[in-house]
Amino acid sequence: MGCPKSWDHLPLSASRLRIIKRKWHVCGKHKEIHQLFAAYQPAKEHSIFEIARIQENTRALDTSSIRESCASLSTYNNQHVRFIWEDGNYVTNVEDQPKDQEKDKVLLRYYESPYPSSESGDGVDGKMLMVNLSPTKDRDILLHANNKAQSVELQKCKTPLPDQAFFVLHKESSDFVSFECKSNRGMYIGVKDNQLALVEGKNQTSDNIMFKLSLM
1 MGCPKSWDHL
11 PLSASRLRII
21 KRKWHVCGKH
31 KEIHQLFAAY
41 QPAKEHSIFE
51 IARIQENTRA
61 LDTSSIRESC
71 ASLSTYNNQH
81 VRFIWEDGNY
91 VTNVEDQPKD
101 QEKDKVLLRY
111 YESPYPSSES
121 GDGVDGKMLM
131 VNLSPTKDRD
141 ILLHANNKAQ
151 SVELQKCKTP
161 LPDQAFFVLH
171 KESSDFVSFE
181 CKSNRGMYIG
191 VKDNQLALVE
201 GKNQTSDNIM
211 FKLSLM
């Protein structure tokens, strides 16, 4: 049996992850790693929509996590998100970086959200994915939505994790995703004044909520 060429018709959902994992097992590529999170189009190098290689013994924050992966995070305008240690705390900074400069990486942990895939307009059964995000240099720190200040902060969170640490993952195009706050639906991680912040809703100028995740 040949490997499928594309999964364009499959939605961004937790059920899709299970489907892709099975297909790649049939293709004989499921050996020491699990294959997860497939492309909406034929796989591109360093794209979030290619198959993410996830080690079988990956340890998540709690047992409800599906898997995790590492990626660099860049904006629609090809600026990169950095995590900077400043005055005893991590802060985010969005800036231009030379191509040959090493990019900061983020750890994404994937979870099944309580929201049906039909909310995204896919019209299929299953649940949408949600994630929490940590700088790989300090995995105990999580991106945290401060709904009152409309900011995105880096905080240590105790388990069980609060809703503010979870973001619903949306496909925006073949290359970009957005992160909607679980704790305040309609608010998204966006860019404001060269930092990550909470941005309200989607509109004609919603490029600032679109991010590209380049898998490592």
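In this text, residue positions in the sequence shown follow the UniProt record's numbering: the first is 1, and each later residue adds one.
Just so you know, even glycine gets a beta-carbon here, dropped at the ideal spot from N, CA and C.
If you look at residue 128, you'll find it in the beta strand (DSSP E) that goes 127 to 135. Put simply, the backbone Cα of residue 162 is about 20 angstroms away from that of residue 200. Under a 10 Å Cβ-count criterion, residue 101 is classified as exposed, with fewer than 16 other Cβ atoms of the shown protein chains found around its own Cβ. In this structure, residue 194 and residue 166 do not form a Cβ contact; the two beta carbons are roughly 25 angstroms apart against a cut-off of 8 angstroms.
DSSP places residue 172 in no beta strand (DSSP E); its state is neither H nor E. When only Cα atoms are considered, residue 152 and residue 196 end up about 6 angstroms apart. DSSP, reduced to helix, strand and coil, places residue 117 within a helical segment of the structure shown. With a contact defined as Cβ atoms closer than 8 angstroms, residue 113 and residue 215 miss out at about 21 angstroms. Excluding residues up to 5 positions away in sequence, 75, 76, 190, 191, 192 and 199 lie with their Cβ nearer than 8 angstroms to the Cβ of residue 208 in the same chain. About 14 angstroms separates the beta carbons of residue 134 and residue 164, which is beyond the 8 angstroms limit, so they are not a contact pair. Across the structure, residue 155 and residue 118 are spaced so that their CA atoms are roughly 32 angstroms apart. For residue 147, the three-state secondary structure derived from DSSP is coil. For residue 214, the enclosing beta strand (DSSP E) covers residues 211 to 215. Under the three-state reduction of DSSP, residue 74 is assigned to strand.
Per DSSP, residue 92 is one residue of the beta strand (DSSP E) stretching across 89 to 95.
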